[in-house]
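Protein chains in written order, with this note's numbering: chain A, 1 to 111; chain B, 112 to 222.
There are 2 protein chains.
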Amino acid sequence: MPPNSNLYKGSLTTIILKLLAEQDKMYGYEITKKVKELTNGQLSLTEGALYPGLHKLEADGLVTVSMENIGNRMRKYYSLTKTGKKEMKNRLAELQSFFQQMENILNIKIA
Amino acid sequence: MPPNSNLYKGSLTTIILKLLAEQDKMYGYEITKKVKELTNGQLSLTEGALYPGLHKLEADGLVTVSMENIGNRMRKYYSLTKTGKKEMKNRLAELQSFFQQMENILNIKIA
DNA sequence: GAAAAATACATAAGATTCTTATGTATTTTT
DNA sequence: AAAAATACATAAGAATCTTATGTATTTTTC
Numbered sequence: 001m002p003p004n005s006n007l008y009k010g011s012l013t014t015i016i017l018k019l020l021a022e023q024d025k026m027y028g029y030e031i032t033k034k035v036k037e038l039t040n041g042q043l044s045l046t047e048g049a050l051y052p053g054l055h056k057l058e059a060d061g062l063v064t065v066s067m068e069n070i071g072n073r074m075r076k077y078y079s080l081t082k083t084g085k086k087e088m089k090n091r092l093a094e095l096q097s098f099f100q101q102m103e104n105i106l107n108i109k110i111a
Numbered sequence: 112m113p114p115n116s117n118l119y120k121g122s123l124t125t126i127i128l129k130l131l132a133e134q135d136k137m138y139g140y141e142i143t144k145k146v147k148e149l150t151n152g153q154l155s156l157t158e159g160a161l162y163p164g165l166h167k168l169e170a171d172g173l174v175t176v177s178m179e180n181i182g183n184r185m186r187k188y189y190s191l192t193k194t195g196k197k198e199m200k201n202r203l204a205e206l207q208s209f210f211q212q213m214e215n216i217l218n219i220k221i222a
């Protein structure tokens with residue numbers, strides 16, 4: 001597998017929030033798998049960014065946690081709070097306008 | 112004027128390189144004006160990011176500087192080096208693939 | 001059945017890139 | 001004459017990442 005592509009800083013939590021909005025609840029490792037799958041293996045979230053990111057979302061009240069034991073191994077499932085759903089919409093809108101601005105500036109077509 | 116939109120970190124130097132590729136030479140303040148113009152005032156580069164960014168591009172050998180005096184005021188014009196032109200293409204390509212990946216992950220249409 | 005890979009979490013040090021604040025000075029507009 | 005725009009700069013601190021390391025279980029492969 002190639003080394004991680006650089007995530008443009010700031011997009012990680014938006015990704016997490018959007019995936020949680022679609023899947024209802026997910027655990028960290030599952031998120032990394034999902035991102036790899038959706039990008040055909042091109043993008044790998046690093047654990048050093050993912051887990052602190054999830055902790056921050058929790059501290060900010062955007063997600064809640066529920067633990068589940070699978071055999072002897074634990075999983076921490078994350079779900080969006082009501083605030084988290086709103087914030088997800090805000091960040092998606094922000095990201096869209098960022099993309100629009102980048103198109104204007106760089107004069108490129110995306111997709 | 113509204114407060115600065117957040118630039119997604121990492122995109123600033125790509126913007127600078129692309130504008131320099133189109134304009135041949137520009138000075139810092141001119142770059143901020145151009146970005147404002149292209150985004151209809153929605154995006155303002157902050158000086159605290161712009162000038163250090165230009166200095167770093169120079170230190171990395173991607174741009175060269177030529178001074179010009181306009182009356183009693185100086186301008187520092189920046190131009191792409193050969194390496195800078197290559198790097199600009201690399202970063203644009205990287206950014207495009209990042210956008211593509213974000214589309215895949217977030218399931219959004221851009222533009 | 002032993003070794004390797006995958007699963008599943010975590011944290012810490014350091015790098016990078018930004019924001020905010022501040023500073024200097026000239027020129028143009030009001 | 002005062003305010004806004006032009007034109008540069010740097011420093012402190014915040015935010016977000018990378019890289020490295022650690023622990024432990026489960027599944028796959030040889």
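No residue lacks a Cβ here, since even glycine has one placed at the ideal position from N, Cα and C.
Annotated three-state conformation of Asn69 of chain A is strand, per DSSP. Under the three-state reduction of DSSP, Tyr27 of chain A is assigned to strand.
For Lys120 of chain B, the nearest beta carbon of chain A is closer than 9 Å to its own beta carbon. Identification of residues in the segment 129-146 of chain B having a C-beta nearer than 7 Å to some C-beta of chain A yields Lys129, Val146, given in sequence order.
Under the 9 Å criterion on CB atoms, Ile181 of chain B is classed as non-interfacial with respect to chain A.
Taking the C-beta atoms as reference points, Lys18 of chain A is found nearer than 9 Å to Ile216 of chain B. Here the C-alpha atom of Tyr51 of chain A lies approximately 43 Å from the C-alpha atom of Tyr188 of chain B. The beta carbon of Ser44 of chain A sits no closer than 9 Å to any beta carbon of chain B. Ranked by Cα distance from Asn218 of chain B, the first of A:Leu92, A:Val63, A:Lys86 is A:Leu92.
By DSSP's assignment, Met74 of chain A forms a beta bridge with A:Asn69. Among the residues facing chain B, Asn90 of chain A is not included, as its CB has no counterpart in that chain under 9 Å away. Contact annotation: Leu12 of chain A and Ala59 of chain A have beta-carbon atoms that are not nearer than 9 Å.
Within chain A, the residues Gln101, Asn104, Ile105 have their CB atoms less than 7 Å from the CB of Thr150 of chain B, given in chain order. Counting along the chain, Leu50 of chain A sits inside the alpha helix (DSSP H) bounded by residues 47-59. Ranked by Cα distance from Leu191 of chain B, the options B:Glu148, B:Leu168, B:Gly164, B:Thr157 are led by B:Leu168. Buried is the label assigned to Glu198 of chain B, since at least 16 other Cβ atoms lie within 10 Å of its Cβ. Between Ala21 of chain A and Lys85 of chain A, the C-beta gap is smaller than 9 Å, which places the two residues in contact. Within the same chain, and ignoring the five residues on either side of Leu149 of chain B in sequence, no residue has its Cβ closer than 6 Å to its Cβ.
In this model, Ile127 of chain B and Lys36 of chain A are separated by some 31 Å (Cα to Cα). Taking 9 Å as the cut-off, the Cβ atoms of Tyr140 of chain B and Lys9 of chain A do not count as close. Residue contact with chain B for Leu57 of chain A: absent (no Cβ-Cβ distance below 9 Å to any residue of chain B). Chain-order list of chain A residues neighbouring Ile219 of chain B: Lys18, Leu92, Leu95, Gln96, Phe99, by C-beta distance under 9 Å.
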